[in-house]
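To keep things clear, I will list the structure first and then write my remarks on it.
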């Protein structure tokens, strides 16, 4: 099972999501988590990477930088 989580400047919420996924009864070796970051400028990357180091889950973090700042609601999520 692949759990794909799109994220943009949601450092607080992504930790909550990852924590709940780590507490599932589903065997950890049967699912992967892919966090796709659409150019966050907050501490999202640091928090996801720290969480991944401290938990035995298959977590992949993908970061896509932006050429210009994104504004919420601009419908430019890639």
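In the numbering used here, the protein residues as written are 42 to 119.
From the three backbone atoms N, C-alpha and C, an ideal C-beta is built for every residue, glycine too.
Problem set entry | Where residue 81 falls: helix, strand or coil (DSSP) | coil
Problem set entry | Whole-angstrom distance between residue 107 and residue 70, CA atom to CA atom | 33 Å
For this session: Count the other CB atoms, across all protein chains shown, that sit within 10 Å of the CB of residue 45; report buried if there are 16 or more and exposed otherwise.
Result: exposed
For this session: Output the boundary residues of the beta strand (DSSP E) element that contains residue 98.
Result: Run containing residue 98: none; DSSP gives neither H nor E here.
For this session: Would you mind giving the Cβ-Cβ distance between residue 104 and residue 86, rounded to the nearest angstrom? I have them listed as a contact below 8 Å.
Result: 6 Å
Exercise. What did DSSP end up calling residue 71 once you bin it into helix, strand or coil?
Worked result: helix
Exercise. Expressed to the nearest angstrom, what Euclidean distance is found between the alpha-carbon atoms of residue 63 and residue 78?
Worked result: 20 Å
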